[in-house]
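Here the structure is laid out as structure tokens; the discussion comes afterwards.
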Amino acid sequence: MTLKLDINPIKAWMPNIDNPLLISGPCSLETEEQTMETARLLAKDKRVFVFRGGVWKPRTRPGSFEGVGSIGLKWLQQVKEETGLPVGTEVANAQHTEEALKAGLDVLWIGARSTASPFVVQEIADVVKGTDTVVMIKNPVNPDVQLWMGAVERIHQAGIKNIVGIHRGFTPFRETKYRNYPNWKTFIELKRLLPNLPVICDPSHIAGTREYLFEISQKAFDMGMEGLMVESHRDPSCALSDAGQQLTPADLGKMLDKLVIRYENA
Ligand code: PEP
Ligand code: MN
């Protein structure tokens, strides 16, 4: 059964956008300087519309950098004040969501591990209820289109109309050179089920390494996706998380120059 949910096109909440929607920023915010410098460099490239930065990091195993926590929300506010870019972070429970809303963040996204848990998605939905926040929902780690769709429905039932799906690949279930398997069929199926849901691609978490970012991004546009979320860092080699897949803002610009982008969804 296909569902025509009452979901706004990207242009409705980002009126100045010239498609595609490009979101970029560090995997993790690490320091105020790293945040601000990365944001300043990205803001110079007028193709970047939203600044992202993870403050609570869902690491697969304990012991690695788990994010700076709430202090990062202050840095995101500074980015917004100084550059004018809307800002967003990942939320994974009710407390994160409350704090992020209180800090005035424009975009919240639900990570792949959280989308896999209906309880977590519902908890987030109960907090965002009645706000005009943009909520982006990454695919679950497993290629279960119903679980992805269910998360969209839960957020939609909370009255949120600014919803975007993000394809970030799936825990490899067959051999792949990528970190996460880009199962384009699951994206096609999601669009069949929810035809008016805007969907963008996160090539960073699919690729796992910089060298594959271009081919995945091009494929995403060729498939009709409406934008990209790409991780960037002022100095990727020093990044505390996902160092191998982040681009400098300058290299992001070069990749965007090379991409053949279809504007037909504009
Ligand atoms: C991220 O965007 O930094 C992240 C942790 O993503 P994912 O949920 O796709 O693993
Ligand atoms: Mn990351």
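Take the sequence shown: its letter number 171 is residue 1062 in our numbering, and every next letter is one higher. By construction, the Cβ of each residue, glycine as well, lies at the ideal position given by its N, Cα and C atoms.
Taken through DSSP and simplified to helix, strand or coil, W1039 comes out as helix. Beta-carbon to beta-carbon, I1091 and L912 are separated by about 6 angstroms, close enough to satisfy the 8 angstroms threshold.
As computed with DSSP, C918 is found in no beta bridge at all. The Cβ atoms of V1036 and I1054 lie no closer than 8 angstroms to each other. Taking a cut-off of 8 angstroms for Cβ pairs, the region 1077–1087 and the region 1099–1107 do not touch, as fewer than three such pairs fall below it. Nearest in C-alpha terms to P953, of all of G1144, M1146, N899, S1132, is S1132.
T1100 and P1094 have their alpha carbons spaced roughly 10 angstroms apart.
In this structure, I1001 lies near K1029, with their beta-carbon atoms less than 8 angstroms apart.
Relative to the Cα of V978, the nearest Cα in the group L896, A1111, L933, P1009 belongs to L933. Taken from the Cβ of S1123, every heavy atom of the ligand MN lies 7 angstroms or farther away. Here DSSP, grouped into helix, strand and coil, assigns V978 to strand.
Taking 3 residues as the shortest admissible run, the region 994–1046 contains the following complete beta strand (DSSP E) segments, listed from N- to C-terminal end: 998–1001, 1025–1029. In this structure, the ligand PEP has no non-hydrogen atom nearer than 7 angstroms to the beta-carbon of A1007.
Residue pairing of E1122 in beta bridges, as defined by DSSP: G916. For the set Q1136, G1118, G1050, L996, the Cα lying nearest the Cα of H1124 is the one of Q1136. Taking C-alpha positions only, P1140 is separated from W1039 by approximately 30 angstroms. Checking the 7 angstroms criterion, the Cβ of D1126 is out of range of every heavy atom belonging to the ligand MN. The three-state secondary structure of R943, taken from DSSP, is strand.
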